[in-house]
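Working notes for the structure below.
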Amino acid sequence: MKCSLEHGFRHAVFLSVGVVIADLALLGIAYGGVEAFLPAGDYNVAFWVQLLGGALLMSLGISNMLQKPTNTEGVKVVESSTLIFHNLVKGFFINILNPANFFEWVGTAGVLKTKYAFETYENVSFFSGALLAVFITELLVAYFAGHLRRFLSVRVVRFINIVMGSIFCSFGIWLFSEAYKNF
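In case it helps, the numbering used here puts the sequence shown at residues 13 to 195.
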């Protein structure tokens with residue numbers, strides 16, 4: 013969203029491509045080596061994913077609520093061809109270095125492999141759909157960010173941060189309770 017506000021939709025598209033490439037890399041690691049991340053002899057993947065996911069969502073929620081919003085009024089869109097590659101690389105590294113994404117793909121691959129025993133073609137279909145959904149969501153956020161610029165005062169952004177942080181914390185608490193049930 014920030015990239016779209018500051019540099020325009022085209023740059024945000026390349027940031028989104030970087031995000032999807034990182035997800036594809038994480039998916040390959042997760043799917044190819046999910047057994048390496050599972051405790052030996054214990055395939056209670058749900059417990060570990062819920063515990064780690066709950067901790068991550070709680071930390072993201074608290075971070076979101078404490079984040080200071082910046083003023084988007086008067087921000088000019090900066091177009092530069094050198095920023096296109098920069099945004100692709102930035103999207104890749106922001107996404108691949110986020111541990112939540114890694115655990116998300118490991119958890120999903122683990123559940124599909126251990127609980128549902130998907131065939132290869134089913135895995136390819138499922139993960140292709142998931143990656144397409146991520147890409148479309150990223151593009152929609154980038155597209156609408158430019159249209160929302162005039163409504164995003166510091167006060168509105170602060171409110172959004174608090175609401176999103178509360179939602180993250182709520183899901184984190186829910187994941188902790190689910191992990192407790194699976195223990």
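Each residue gets a CB set at the ideal place from its N, CA and C atoms; glycine is no exception.
Taking the CA atoms as reference points, Leu187 sits about 23 Å from Phe138. In the DSSP assignment, Lys193 falls within the unbroken alpha helix (DSSP H) covering 166 to 194.
By the neighbour-count criterion, in which a residue is buried when 16 or more other Cβ atoms sit within 10 angstroms of its Cβ, Glu134 is exposed. Secondary structure of Glu131 (DSSP, three-state): coil. Ser178 and Phe26 have their C-alpha atoms some 30 Å from each other. Look at Gly119 here: in three-state DSSP terms it is helix.
Assigned with DSSP and collapsed to three states, Pro81 falls in coil, not helix or strand. With three or more CB-CB distances shorter than 8 Å, the region 152 to 162 counts as touching the region 23 to 39. A direct Cα-Cα distance of roughly 10 Å separates Gly184 from Glu190. Comparing alpha-carbon positions, the option among Asn194, Tyr192, Ser182 lying closest to Leu68 turns out to be Ser182. By a beta-carbon distance limit of 8 Å, Asn99 contacts His23. Their separation comes to about 5 Å. Closest in alpha carbon position to Gln79, among Asn194, Tyr192, Phe171, is Phe171. Excluding five sequence positions before and after Phe21, the CB atoms of its chain that fall closer than 7 Å to its own CB belong to Ala154, Tyr155, Gly158, given in chain order. Selection Pro81, Phe180, Ala121 evaluated against Val166 yields Pro81 as nearest (Cα-Cα).
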